[in-house]
Amino acid sequence: MGLKLSCIHQGSLSRQAHQPASPAPARVIAADASLKELPASSSSSSVSDVLGRSGGDDVAVASSSFFMCNSDALYFNEPPPALPTGEVLRPGQIYFVLPAAMLGRPLSTADMAALAVRATTALSSSCKPRRHGRRRARGSGKKKKAVRVVPVREQ
């Protein structure tokens, strides 16, 4: 038997009971480290929807020179698996748009580190609060949490 600890307190439990849970969006991290969040409430988005978009704020890539993969399928010394173009993106998952040159080539330590930096950059930039009006004085407010993405291989 093991000892399990929980950091949930009564206040957060009562708030959860009154707020409907909305599923997390599917997150697509482009080659330029920009982040596109696809809400789970909208119609199902597929890989071809993301790779076929261009212009504006959308992820702009040419289908023939890029492919998409699920971040959960990336491992050291293994090639990244390309998702089929008809695959529907799942809410709460993080996906990478990678150059076609990476297909069939095992990911090196440097490749994995670069992907982790890209994900951290994209996710942390999306978490920054937008400031409107007056700024807070330094030292006041809550402590910021750092966002880290670390690939872990399940045994």
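Position 93 (the sequence shown) corresponds to 136 in my numbering; numbering is contiguous.
Where is the CB? At the ideal position from N, CA and C, for every residue including glycine.
Starting from the C-beta of residue i, find all residues in its chain whose C-beta is less than 6 angstroms away, skip the five residues before and the five after it, and write them out in chain order.
i, result
"Val192", "Ala159, Ala162, Thr163"
"Ile137", "Arg70, Ser114"
"Glu80", "Pro68, Arg70"
"Ala74", "Val140"
"Gly135", "Ala67"
Consult DSSP for residue i and reduce its assignment to one of helix, strand or coil.
i, result
"Arg133", "coil"
"Ala69", "strand"
"Ser151", "coil"
"Arg96", "The predicted position of Arg96 is uncertain, since its pLDDT is 48 and thus under 50; a value taken from the coordinates is nonetheless stated next. Three-state result, Arg96: coil."
"Ser89", "strand"
"Val160", "helix"
"Lys165", "In the sequence under discussion, the amino acid at residue 165 is Ala, which differs from the Lys named in the question. Looking at Ala165 - three-state DSSP - the assignment turns out to be helix."
"Lys144", "The sequence given here has Ala at residue 144, not Lys. In the structure shown, Ala144 sits in a helix (DSSP, three-state: H, G or I)."
Closer than 8 angstroms by C-beta to residue i: which residues in its own chain qualify, once you throw out the five before and the five after it? Chain order, please.
i, result
"Ala125", "Phe110, Met111, Cys112, Leu146"
"Gly99", "With a pLDDT of only 36 at Gly99, under the threshold of 50, the placement of this residue in the model should not be trusted; the figure read from the coordinates follows. Contacts found: none."
"Ser88", "Ala69, Leu81, Val131, Leu132"
"Leu117", "Pro123, Phe139, Leu150, Met155, Leu158, Pro194"
"Gly129", "Ser89, Val90, Ser91"
"Leu78", "Arg70, Val71, Ile72, Ala165, Leu166, Ser168, Ser169"
"Thr152", "Phe119"
Identify, in the order they occur along the chain, each residue of the same chain with its Cβ nearer than 7 angstroms to the Cβ of residue i, setting aside the five sequence neighbours on each side.
i, result
"Arg148", "Pro122"
"Arg133", "Ala69"
"Ser108", "Pro142, Ala143"
For residue i, list the residues DSSP reports as bridge partners.
i, result
"Asn113", "Tyr138"
"Glu80", "Arg70"
Between residue i and chain C, is any beta-carbon pair separated by less than 8 angstroms?
i, result
"Thr152", "Among the chains in the structure shown there is no chain C, since it carries only a single protein chain."
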